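The numbering used here puts the first residue of the sequence shown at 5, with every later residue one more than the last. Please read the structure below before turning to the comments.
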Amino acid sequence: MTRRSKKSRRTLDVEKGAPESPCIRRILPFFDVLEEDQIVSLEAQVDWILQDVGLAFRDDPEALRLWETAGATVAGDLVKAPADWIRDLCAGAPSQFTQLARNPERSVTMGGKHQVFAPVYGSPFVRDLKKGRRYGDLEALENLVRLTYMHPNLHHGGFVTCEP
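Structure below.
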C-alpha cells in the first residue's frame with residue numbers, strides 16, 4: 005500500500021468539492037403580491053406602451069429584424085405591437101425548461117415548481133473581514149465567482165455578482 009503525501013490528499017479533497025444540493029421542488033403555493041384589479045391596471049398600462057408608445061431597440065438591427073419578421077411594426081428603432089399578439093407569443097413560452105450544463109449532472113430545470121438558487125446580480129458594494137465594505141473591483145468579482153462555484157447550495161452561477 006502506498007502512502008499519499010499530505011499535499012496530494014488536499015488536492016484530491018479540493019477536486020472532489022462539497023456535495024451538491026439537489027434542486028428543490030416548491031410545495032408551497034405562490035404568494036400573490038398584487039390584487040386582481042392591480043394586475044388589470046398594470047396590464048392596461050403595458051398594452052398602452054406596446055401599442056401606442058412602443059419599445060426602442062437602439063443599436064440592435066438584428067433585434068429589429070426579428071421583431072419585423074415576427075409581425076411587429078418597426079419604425080426606425082421603435083417597435084410597436086398589438087397587446088394580444090404579445091400575449092399569444094408569451095403563451096407559447098414553456099412553463100419550464102432545462103438549462104444544460106457541460107456536466108449533465110449540473111443541469112438545472114427552471115420554472116414550474118423548481119426552485120433554483122443563484123447569487124445576487126450586480127451588487128455595487130462588497131464586504132470582507134480584511135477590507136470591510138467597499139466598491140467592488142475585479143479581484144472581488146473573481147473571488148465571488150470562485151465562491152459561487154464552490155458553494156454546494158447554489159445551482160446557478162448567475163452573471164456579474166458585483167460591479168467591478
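Glycine included, every Cβ here is placed at the ideal spot set by N, Cα and C. Note that the coordinates shown come from a computational prediction; the quantities given were computed from them, not determined experimentally.
- Scanning the segment 79 to 138 for uninterrupted alpha helix (DSSP H) segments of 4 residues or longer gives 87 to 95, listed from N- to C-terminal end.
- Per DSSP, E39 lies in no alpha helix (DSSP H) and is assigned neither H nor E.
- With respect to the 7 Å criterion, P108 and L145 are not classified as neighbours on the basis of their beta carbons.
- The shortest C-alpha to C-alpha distance from R106 to any of A122, Y139, L70 and H160 is the one to H160.
- V164: not part of any alpha helix (DSSP H); DSSP gives it neither H nor E.
- Under a 10 Å Cβ-count criterion, T77 is classified as exposed, with fewer than 16 other Cβ atoms of the shown protein chains found around its own Cβ.
- Straight across, the Cα-Cα distance linking S111 with Q103 is about 6 Å.
- Its Cα nearest to that of C166, the residue V124 stands out among L54, Q42 and V124.
- In the three-state DSSP reduction, L32 falls in the coil class, being neither helix nor strand.
- In the DSSP annotation of this structure, R62 is not part of any alpha helix (DSSP H), being labelled neither H nor E.
- Taking the Cα positions, C27 is about 6 Å away from Q119.
- Membership of A144 in the alpha helix (DSSP H) is indicated by the continuous run L142 to M154.
- Two segments are said to touch when three or more pairs of C-beta atoms, one from each, lie closer than 8 Å; by this definition the segment 44 to 60 touches the segment 86 to 94.
- If you compare the alpha carbons of E72, L70 and V164 with that of D141, the shortest gap goes to V164.
- In this structure G80 does not touch Q100 by the C-beta definition: roughly 37 Å separates them, more than the 8 Å allowed.
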